[in-house]
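Numbering (the numbering used here), first residue to last: 4 to 381.
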């Protein structure tokens, strides 16, 4: 749920012909917060369909798709073969056509261990960075303490099987928001944000396409009586350069009761290769901490190969002020592939609380691929 580029300075508004979204099928996998033990705040998710890249798409869409790809482990089927991906505060769900035994075997080969079954799903887990996965006939449910604020594999499976109340069935506000947004090539939903005027709202931020145009549509759902005027929301978007992709210069705002809609469109470009900063790999990473030897071993368990020169590590310590140092890792290799590993000498970092595997093409660019908490190992 990263911050987005600013809206162009020559922005205008007027009526736009935006195609409707598809069926919000992702809601099947979203359990109601009231059905889950403990707090799930904020309740946020990303939903993608289809997974294949869109030639000439706006940079923001390309970036969002790349981040979603890099944030999930590799399960033996390529990201481009997914039919749908939902990645929420509770965990991720991949819907696709696959051979269940092949996926299970790929998970075992990459370091996951079988843990029995749950509601007919084959369950596996790994403990280096705690992750769990449930493999069904046409869905894979995955949770990671690195990626998910409130990981709950059982709640996702229950909702998917219809054995737990779903969010849209219990919340009229969430139902209206997600019904309006529908299914999209890419969708971000956050149930607890503030709009450009400072009002609390639920947000759905969607990208969809037709033959030659990309559309970005923002939906804000407010408590009854708290929606802004169209003029106030337009001014907020203009003054705060808020939320639209950088290529946008025309937008439209409409208010319908408690639901506000802001729309923009961008002509598709000529396509071409994905910019290198968004050519992120999908990999299952592993880590082994040897406290006696004072080392941490990073291991490429499964997935796409990566240029060694684009992989670094960063040390999390009490005095790092949140800076990303990008220290070299695989210095004796050109390519990092399944089975590749490298060792970090922790005696060089006596105050380290954790290590982060970082992808970067140079300069200030980076993306976090894998975090290993050393404090939890002590």
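Here a beta-carbon is modelled for each residue, glycine too, at the ideal position from N, C-alpha and C.
As a quick exercise: from the options, pick the residue whose alpha carbon is nearest that of residue i.
i, options, result
"residue 115", "222, 66, 221, 132", "132"
"residue 286", "228, 100, 110, 25", "110"
"residue 367", "105, 313, 292", "313"
"residue 277", "50, 63, 236", "63"
"residue 258", "268, 252, 272, 234", "234"
"residue 216", "188, 92, 195", "188"
"residue 112", "289, 152, 164, 255", "289"
"residue 303", "338, 282, 325", "338"
"residue 20", "101, 265, 30", "265"
"residue 3", "144, 307, 78, 308", "In the structure as shown, the chain begins at 4 and stops at 381. Residue 3 is therefore absent and cannot be evaluated."
"residue 308", "105, 284, 183", "284"
"residue 34", "165, 86, 262", "165"
"residue 57", "267, 321, 274, 350", "274"
"residue 183", "325, 124, 262", "262"
Express the C-alpha separation of residue j and residue i in angstroms, rounding to a whole number.
i, j, result
"residue 209", "residue 75", "21 Å"
"residue 205", "residue 352", "43 Å"
"residue 230", "residue 343", "54 Å"
"residue 28", "residue 186", "7 Å"
"residue 148", "residue 53", "26 Å"
"residue 108", "residue 341", "15 Å"
"residue 117", "residue 127", "4 Å"
"residue 331", "residue 272", "36 Å"
"residue 294", "residue 356", "13 Å"
"residue 382", "residue 228", "Given a span of 4 to 381 for the chain in the structure shown, any question on residue 382 remains unanswerable."
"residue 177", "residue 298", "47 Å"
"residue 84", "residue 99", "7 Å"
"residue 120", "residue 137", "8 Å"
"residue 3", "residue 291", "With the chain covering 4 to 381 only, the question about residue 3 has no answer from this structure."
"residue 17", "residue 196", "Confidence at residue 17 is low in this model, with a pLDDT of 40, below 50, so the placement of that residue is unreliable and no value is reported for it."
"residue 32", "residue 142", "11 Å"
Once you ignore the five residues that flank residue i on each side, which residues in its own chain have a CB closer than 7 Å to its CB?
i, result
"residue 8", "Since pLDDT at residue 8 reaches only 36, below the 50 mark, its modelled position is unreliable, and the value read off the structure follows with that caveat. The answer, listed in chain order, is 63, 248, 249."
"residue 140", "103"
"residue 364", "279, 280, 313"
"residue 329", "315, 317, 361, 363, 369"
"residue 101", "80"
"residue 151", "92, 93, 94"
What are the start and end residues of the beta strand (DSSP E) that includes residue i?
i, result
"residue 219", "216 to 224"
"residue 167", "Per DSSP, residue 167 belongs to no beta strand (DSSP E) and is neither H nor E."
"residue 136", "134 to 138"
"residue 51", "47 to 51"
"residue 28", "From DSSP, residue 28 is part of no beta strand (DSSP E); its letter is neither H nor E."
"residue 95", "95 to 98"
Once the 5 residues before and after residue i are set aside, which same chain residues still bring their CB inside 8 Å of it?
i, result
"residue 37", "168, 173"
"residue 213", "22"
Since residue i sits in a beta bridge, which residues does DSSP pair it with?
i, result
"residue 262", "224, 259"
"residue 207", "192, 222"
"residue 387", "No answer is possible for residue 387: the residues shown for the chain start at 4 and end at 381."
"residue 370", "362"
"residue 290", "301"
"residue 345", "301"
"residue 145", "95, 136"
Once you ignore the five residues that flank residue i on each side, which residues in its own chain have a CB closer than 6 Å to its CB?
i, result
"residue 146", "94, 135, 154, 156"
"residue 66", "281"
"residue 198", "204, 223"
"residue 323", "none"
What span of residues does the alpha helix (DSSP H) with residue i cover, start to end?
i, result
"residue 234", "233 to 243"
"residue 390", "In the structure displayed, the chain extends from 4 to 381; residue 390 sits before or after that span and is not available."
"residue 324", "Looking at the DSSP string, residue 324 is not in any alpha helix (DSSP H), and its letter there is neither H nor E."
"residue 311", "Careful: residue 311 lies outside any alpha helix (DSSP H) and carries neither H nor E."
"residue 273", "Unbroken run through residue 273: none, as it is neither H nor E."
"residue 112", "103 to 112"
Below 8 Å, is the gap between the Cβ of residue i and the nearest heavy atom of the ligand SAM?
i, result
"residue 260", "For the ligand SAM, the structure offers nothing, since it holds no ligand at all."
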